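The sequence shown begins at 69 in my numbering and counts up by one. The beta-carbon is built from N, C-alpha and C at its ideal position, and this holds for glycine as well. These numbers come from a predicted model, not from an experiment.
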Amino acid sequence: MMTIEINDITFSYVSPGEDPDRVTLLDHISLNIPSGEFVLLRGGNRSGKSTLARMLNGLLLPTSGVILVDGINTRDPDWRWEIRRRVGIIFQEPENQILGTTVAEDVAFGPENLGLAAAIIRERVLDALQTVGMSDYADVSPHLLSRSQQLKVSLAAILAMQPSCIVLDEATAGLEPADAIEIMLLLQRLNRETGVTVFIIAHETEERITADTTILLKNGRLVRTGMTLRNETSC
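Have a look at this one:
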């Protein structure tokens, strides 16, 4: 069972300009994310939440400290692609992650890069599209879809890689309330039925989402963690 261990990480960079200064986005964060959790990370602008999202699958590396995915250090270049297979991430603009000319091609992109047999790829694509309710759109150009449909395609592309964890970095921001609720219910169902860990990053004022565990970041610091109650019909 996959766990993500975040051990005393910081992330900082030197700002450009005539008077460069070191900017700290994450300041000594430690967390343990058990397998199968439905986690909500809240925070305002510049709280560091998007930076943390990119660290969970090695897109960014901590300035100090360690992140372990199933005991694998995200700094290890030999495991970089396997970590990104295990921890899939959807960003705020899901259309920017779309690579295929059709929905089916986009969902197949990841499994193809794993070198899987054509029959296995086809099965994974069909299963993933059925899971997110997009089977009827397999031959449609993703750029003709609505934003919520594009998000489902991005989710299907991750599911086709058979991940252990799905991270959404404010991916539902800007959706109509009904569409956002539909996505959250889909993620709750996946979490409940498959045991995949779900890690949702939302703005501090977002009220629609409930989870097993809620985390609050402020100015790069972890200011609160706690258990929350979740039911299958409230988001």
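Asked, Found
"Using CA coordinates, which residue listed in Gly112, Lys117, Asn141 and Asn113 is at the minimum distance from Gly126?", "Asn141"
"Pull up the distance between the alpha-carbon of Ile151 and that of Val137, whole angstroms please.", "7 Å"
"Could you give the uninterrupted runs of the beta strand (DSSP E) lying entirely in the region 123-211, keeping only those of 3 residues or more?", "132-137 and 155-158"
"Which stretch, first to last residue, makes up the beta strand (DSSP E) that contains Asn259?", "Where Asn259 is concerned, there is no enclosing beta strand (DSSP E), although the alpha helix (DSSP H) it sits in stretches over Pro245 to Thr262."
"Quick check: the Cα distance between Leu94 and Phe79, rounded to an integer number of angstroms?", "5 Å"
"Quick check on this structure: which residue in Pro231, Asn181 and Thr265 has the alpha carbon closest to the alpha carbon of Arg153?", "Pro231"
"Secondary structure at Ser118, three-state DSSP: helix, strand or coil?", "helix"
"May I ask you to list the residues that DSSP assigns as paired with Asp237?", "Ile269"
"How would you write the range of the alpha helix (DSSP H) that Leu213 sits in, first residue to last?", "Leu213 -> no alpha helix (DSSP H), and no H or E assigned at all."
"Answer yes or no: the CB of Ala225 versus the heavy atoms of the ligand MG, is any distance below 7 Å?", "In the structure shown, the ligand MG is absent, as is every other ligand, since no ligand is present at all."
"Does DSSP put Ser80 in a helix, in a strand, or in coil?", "strand"
"Taking Thr282 as part of the beta strand (DSSP E), name the residues at either end of that continuous run.", "Thr281 to Lys286"
"If we count the other Cβ atoms within 10 Å of its Cβ and call it buried at 16 or more, is Val291 buried or exposed?", "exposed"
"Using the rule of at least 16 other Cβ atoms within 10 Å of the residue's Cβ for burial, across every protein chain shown, is Arg257 buried or exposed?", "exposed"
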